[in-house]
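If you want it as structure tokens, here you go:
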């Protein structure tokens with residue numbers, strides 16, 4: 003197996019959990035990653051204003067005044083967001099380094115999936131690269147700030163398939179969601195379910211599976227992948243593109259392990275379940291008892 007296992011942090015306004023840079027570099031496989039990106043960082047980031055979209059995700063791009071000013075203005079979210087961006091865009095085996103002028107701190111971020119090879123090489127990001135990286139960032143969002151392993155499947159911005167194995171598909175046996183959009187523009191970020199999901203179920207991966215209003219803004223859950231997305235090759239376990247609001251985007255598809263999906267009645271009151279008198283996750287008498 004190739005690539006890297008990403009250990010990522012916080013979401014939904016949650017504080018960063020202190021995961022170390024060493025954790026972000028744990029070797030495993032390119033398409034298997036841990037999620038947890040803060041959606042707070044996504045909504046306040048302003049990827050179109052940090053200079054990288056035009057200057058490239060290279061040493062030169064990171065040394066511009068525009069990037070330095072953006073980083074200084076977003077010190078609570080920028081370091082972790084950059085870790086995700088580099089891991090999504092830059093190939094495995096490469097790093098990107100930035101010295102914070104205000105503190106003298108040196109940040110080194112590890113590449114992994116290589117979704118945007120041109121941008122990673124210092125060229126302006128193409129629309130396809132913007133969209134591929136945006137889908138990747140959305141796929142790594144975790145509402146509850148937990149480190150959950152997942153399988154990420156799809157293609158790079160240039161159409162190269164991400165490698166996967168039959169063992170990976172067997173381990174991450176539960177289909178989860180698809181992600182697409184463009185965070186560099188005003189298009190938005192979108193998620194859709196790649197499975198039937200009943201009211202009795204709940205999950206720590208809420209951004210891709212729930213349709214509730216308290217999910218993962220700026221990510222919007224639009225329903226089912228089958229409604230908006232297609233596969234170039236139906237034999238492959240991932241969607242290649244999704245069309246929404248009249249625009250077509252490259253997509254990334256995720257899978258999870260069975261233990262990440264909870265069901266009311268399984269005997270354990272999960273933190274995603276609540277007391278009540280019913281059989282749903284929001285009112286699960288069987289697992290959490292009655293309220294009061």
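In our numbering, the protein residues as written are 3 to 294.
A virtual CB, placed ideally from N, CA and C, is assigned to each residue, including glycine.
Limits of the unbroken beta strand (DSSP E) element including residue i
i: residue 249; result: 249-252
i: residue 171; result: Note, residue 171: premise wrong, no beta strand (DSSP E); alpha helix (DSSP H) at 168-173.
i: residue 112; result: 108-112
i: residue 148; result: That residue, residue 148, is in no beta strand (DSSP E); it is neither H nor E in DSSP.
i: residue 244; result: 243-246
Alpha helix (DSSP H) segment containing residue i, residue limits
i: residue 54; result: 54-57
i: residue 86; result: 80-91
i: residue 227; result: 227-230
i: residue 132; result: 129-141
i: residue 263; result: Counting along the chain, residue 263 falls outside any alpha helix (DSSP H), though it belongs to the beta strand (DSSP E) covering 263-265.
i: residue 287; result: 287-290
C-alpha gap between residue i and residue j, whole angstroms
i: residue 274; j: residue 124; result: 42 Å
i: residue 278; j: residue 253; result: 38 Å
i: residue 63; j: residue 54; result: 6 Å
i: residue 14; j: residue 116; result: Here the model assigns residue 14 a pLDDT of 27, short of 50, so the residue's position is not dependable, and the following value carries that caveat. Approximately 26 Å, taken between the alpha carbons.
i: residue 260; j: residue 106; result: 44 Å
i: residue 283; j: residue 144; result: 19 Å
i: residue 179; j: residue 233; result: 14 Å
i: residue 118; j: residue 87; result: 10 Å
i: residue 177; j: residue 104; result: 44 Å
i: residue 286; j: residue 244; result: 35 Å
i: residue 114; j: residue 270; result: 36 Å
i: residue 25; j: residue 80; result: Per-residue confidence for residue 25 stands at a pLDDT of 30, beneath the threshold of 50, marking its modelled position as unreliable; the derived number appears in the next sentence. About 18 Å.
i: residue 293; j: residue 272; result: 15 Å
Identified DSSP bridge partners for residue i
i: residue 182; result: 192
i: residue 100; result: 109
i: residue 163; result: 157
i: residue 255; result: 155 and 180
i: residue 203; result: 265
i: residue 223; result: 193
Among the options, the one whose alpha carbon lies nearest that of residue i
i: residue 201; options: 141, 174, 280 and 258; result: 280
i: residue 256; options: 65, 110 and 150; result: 150
i: residue 133; options: 145, 159 and 121; result: 159
i: residue 181; options: 140, 83 and 168; result: 140
i: residue 185; options: 267, 288 and 251; result: 251
i: residue 267; options: 248, 249, 289 and 261; result: 289
i: residue 99; options: 129, 169, 66 and 120; result: 66
Inter-residue CB distance, residue i and residue j (contact presumed, cutoff 8 Å)
i: residue 218; j: residue 194; result: No, residue 218 and residue 194 are not in contact; Cβ-Cβ is about 13 Å, not under 8 Å.
i: residue 224; j: residue 192; result: 5 Å
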